[in-house]
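Using our numbering, the first residue of the sequence shown is number 2, and each one after it goes up by one.
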Amino acid sequence: MLLRRRATLLAVLAVTACGSSTHATPTPSPRAVTTATPTPTPTPTADPCVVPQQSPPTGNIGASFATALAFAPDGRLFYTERSGTVRVWQGGSSHVFATVRTVTTEAGGGYSERGLLGLAISPTFALDRYVFAFYSDANRTQQHVVRWRDCAGTGTGAAVIITLPSGPDCCHKGGRLASGADGKLYVTLGEEHTSGAAQNTHDSRGKVLRYNLDGSIPADNPFGGGNVVWAYGLRNPYGIAFSSTGQLAITSNGPSGDAGSPGTGYDTLIESVHRAQGFQWPLCYGYSHPLAASTCRGRTPPDWSSENGTVVPTGAAFVDASGPAGYAGHLVFCTWYRGMLVVTPGSPNASVRSGPAGCRLDVKQGPDHALYYSDSTTIHRLA
């Protein structure tokens with residue numbers, strides 16, 4: 002009896018269990034999945050100030066007293082005209098890039114070395130697009146370095162970043178610029194007919210000066226913080242050039258009867274200018290000829306001197322191995338009276354030979370490997 006009752010109970014439980022399986026668990030509703038729309042990569046916006054790679058002039062071009070030449074990395078030729086205009090060769094023709102208010106005469110008339118004199122392209126031009134120029138202020142008491150930002154061939158944001166003294170005398174202004182491989186701006190300044198200033202390292206006259214690109218003074222300049230002097234002992238350094246390896250050369254106009262020196266001649270070339278280097282003016286002139294009781298001891302002589310012949314040296318350039326035959330691998334410089342001179346290093350002195358007569362103001366090697374040099378009416382091309 003007990004066994005039958007137990008069997009009946011098991012049967013009921015089995016039916017109940019089977020019956021419960023007929024009630025299906027509800028299937029959950031699928032969740033909506035939101036798919037993020039990819040953000041498109043923005044198309045880079047071209048800088049409207051950047052121009053395509055340019056070709057330099059393929060022949061001679063007219064220019065009014067082109068005191069300084071400079072090539073930008075994009076192939077454009079910039080040049081200064083002494084009267085106050087900076088021009089650029091772009092798209093196969095020349096146009097005005099910027100102007101400055103300068104003066105090329107003396108208040109009382111007569112000979113003058115003032116004007117728009119120097120030009121340099123920033124060593125970091127691809128990033129900052131800076132163009133620099135050196136000019137005499139129309140007030141005849143100051144000289145300035147002005148900086149522009151190039152925008153497609155127009156100078157914008159003009160800012161005077163350096164102001165230097167300019168005495169009442171007509172001459173010995175210097176005024177050349179060069180960009181160094183160290184990212185600094187180098188400036189030449191004449192001694193303004195104050196010969197004693199050239200040996201004073203606390204006076205900017207008669208020197209090669211070194212600046213940051215904003216006109217401030219580099220902390221690592223050789224004569225201490227706040228001192229712009231890089232090299233000293235120069236009369237009127239009117240040419241400056243860097244080689245591709247960083248070698249710095251300058252030309253300097255010799256004495257003209259001042260400080261008891263001979264009436265003419267003794268123009269000089271220094272092939273390699275170093276940090277804190279002292280040269281001989283006004284202690285000596287030419288190949289170490291002492292003035293009065295002066296001594297040349299402890300000062301560096303020039304590598305070349307015109308001695309008793311006047312040449313009036315101006316702009317200079319190092320020509321690399323790709324340059325024109327006969328000039329490749331040489332330092333060359335312009336002179337007012339003898340045209341281009343081609344330098345061959347030597348010991349104790351370098352030697353020179355003559356090049357084109359039209360090289361009277363400045364010379365540069367272009368991106369096409371040709372030489373470009375200027376006189377009072379023309380920029381010439383030598384391939």
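Even for Gly, the Cβ is constructed at its ideal location relative to N, Cα and C.
Keep in mind that this is a model prediction, so the values were computed, not measured.
Would you verify that the beta carbon of residue i is, or is not, closer than 8 Å to some beta carbon of chain D?
| i | result |
| --- | --- |
| L292 | Within the model displayed, chain D is absent; a lone protein chain is all it includes. |
Note down the Cα distance separating residue i from residue j, rounded to an integer number of angstroms.
| i | j | result |
| --- | --- | --- |
| P291 | Q278 | 19 Å |
| F98 | L284 | 42 Å |
| T345 | H331 | 7 Å |
| D221 | V209 | 15 Å |
| N309 | C50 | 50 Å |
| Y286 | C152 | 45 Å |
| W231 | T40 | 54 Å |
| F224 | T296 | 23 Å |
| H381 | P58 | 9 Å |
| A134 | L383 | 25 Å |
| S137 | T86 | 13 Å |
| C360 | T202 | 33 Å |
| T164 | Y131 | 18 Å |
| V312 | P256 | 12 Å |
| S56 | D321 | 19 Å |
| S323 | K365 | 13 Å |
| D268 | S306 | 6 Å |
| H1 | A199 | Within the shown structure, residues of the chain are numbered from 2 to 384, placing residue 1 beyond reach of any answer. |
| Y212 | V229 | 7 Å |
| A67 | S375 | 6 Å |
| G156 | T100 | 9 Å |
| G356 | T46 | 47 Å |
Across which residues does DSSP place residue i in a beta bridge pair?
| i | result |
| --- | --- |
| D151 | G156 |
| A67 | E82 |
| G240 | T252 |
| I218 | Answer is none; I218 lacks a bridge partner. |
| T269 | S253 and S306 |
| P166 | Q143 |
| S180 | L186 |
| Y286 | H290 |
| A121 | F133 |
| V312 | Paired residues: none, contrary to the question. |
| L210 | V188 and V230 |
| R382 | Y373 |
| T345 | S352 |
Going by C-alpha distance, which of the options is nearest residue i?
| i | options | result |
| --- | --- | --- |
| E193 | C171, D183 and K185 | C171 |
| F72 | S65, F66 and T81 | T81 |
| F319 | G264, A384, N254 and F243 | F243 |
| L78 | T379, T106, G367 and M341 | G367 |
| L249 | A139, P238 and T195 | P238 |
| R236 | L186, P314, H370 and S196 | S196 |
| R177 | S253, H96, N140 and D204 | S253 |
| T103 | L190, G255 and S167 | S167 |
| L372 | V353, S348 and V343 | V343 |
| I422 | G181, T336, F280 and L128 | Absent from the model: residue 422. The displayed extent of the chain is 2 to 384, so no value can be given. |
| R298 | M341, T336, V161 and G234 | G234 |
| D183 | G154, G247 and T378 | G247 |
| G266 | K185, W337 and A351 | W337 |
| I218 | K185, D204, G207 and R206 | K185 |
| I251 | Y288, S245, D204 and T315 | T315 |
| K174 | H275, D215 and S113 | S113 |
| A121 | P263, H275 and G181 | G181 |
| A329 | H370, G191 and V52 | H370 |
Going by DSSP in three states, residue i sits in which element: helix, strand or coil?
| i | result |
| --- | --- |
| F334 | strand |
| A371 | coil |
| G197 | helix |
| F224 | coil |
| R5 | Unreliable placement is indicated for R5, whose pLDDT of 40 sits below 50; the coordinate value is still reported in the next sentence. Three-state result, R5: helix. |
| A351 | coil |
| D138 | strand |
| F98 | strand |
| L128 | helix |
| A317 | strand |
| P49 | coil |
| T103 | strand |
| Y233 | strand |
| L274 | In the sequence under discussion, the amino acid at residue 274 is Val, which differs from the Leu named in the question. Here V274 sits in coil by DSSP. |
| R77 | coil |
| K365 | strand |
| G324 | coil |
| T301 | strand |
| Q55 | coil |
| R115 | coil |
| R339 | coil |
| Q281 | coil |
| G60 | coil |
Within 7 Å: the Cβ of residue i and any heavy atom of the ligand FMN?
| i | result |
| --- | --- |
| A384 | No copy of the ligand FMN appears in this structure; indeed no ligand is present at all. |
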